[in-house]
Amino acid sequence: MARVTLSAAGAACPDTVWQRYAGLDQWASWSPQIKAVHSVTRRLRPGMSGTIESVAGIRAAFTVEAVDHDRRTWTWRVRLGRVRIRLHHEVRARGRGSATSLTMDGPLLVLLAYAPLARLALHRLVRP
4 MARVTLSAAG
14 AACPDTVWQR
24 YAGLDQWASW
34 SPQIKAVHSV
44 TRRLRPGMSG
54 TIESVAGIRA
64 AFTVEAVDHD
74 RRTWTWRVRL
84 GRVRIRLHHE
94 VRARGRGSAT
104 SLTMDGPLLV
114 LLAYAPLARL
124 ALHRLVRP
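Numbering (the numbering used here), first residue to last: 4 to 131.
Put into structure tokens, the structure is as follows:
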């Protein structure tokens, strides 16, 4: 197992960034690799599960482990076949905008392959 941490900062206020995370229907607007999120629940909450559908039509199962709306953090596990990744997200105030970080735990080659897409998504997440 390996760990990779990515971060981005931008002009969007922290509450706006958090709402983009918390509302599953918004994910495709800032994460270009996501086509849709399939889950009965439409807002982040611990224990929720579903699938993420990529623009390529690939579906990965997910389960949300923890959500702290006050601290603007959340953690989830994503599974695609035998590959499992744990992702921890944080949003914080930074100057007049916000910063976000993503810490991923999983197979190194998978994390390195996913990092460019994740980095792009994080930058889009924090833009106004």
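Cβ coordinates follow ideal geometry from the N, Cα and C atoms, glycine included.
Query - Residue of G109, V7, L83 and D28 minimising C-alpha distance to A63 - result: One-based indexing of the sequence shown puts residue 63 at position 60. It is L83.
Query raised in the report: Could you give the residue range of the alpha helix (DSSP H) that holds T19?
Result: To locate residue 19, count along the sequence shown from 1; it is residue 16. First-last of the alpha helix (DSSP H) with T19: P17 to A25.
Query raised in the report: Where L90 and Q22 are concerned, what is the direct C-alpha to C-alpha distance, given to the nearest angstrom?
Result: In the sequence shown, residue 90 corresponds to position 87, counting from 1. In the sequence shown, residue 22 corresponds to position 19, counting from 1. L90 and Q22: Cα-Cα distance of roughly 18 Å.
Report task. Let me know the beta strand (DSSP E) ranges lying completely inside the region 29-68, each 3 residues or longer, listed in chain order. Result -> 37-41 and 52-57
Requested in this report: State the start and end residues of the unbroken alpha helix (DSSP H) segment that holds V113.
Outcome: The residue labelled residue 113 in the question sits at position 110 within the sequence shown. From DSSP, the alpha helix (DSSP H) with V113 extends over L111 to L128.
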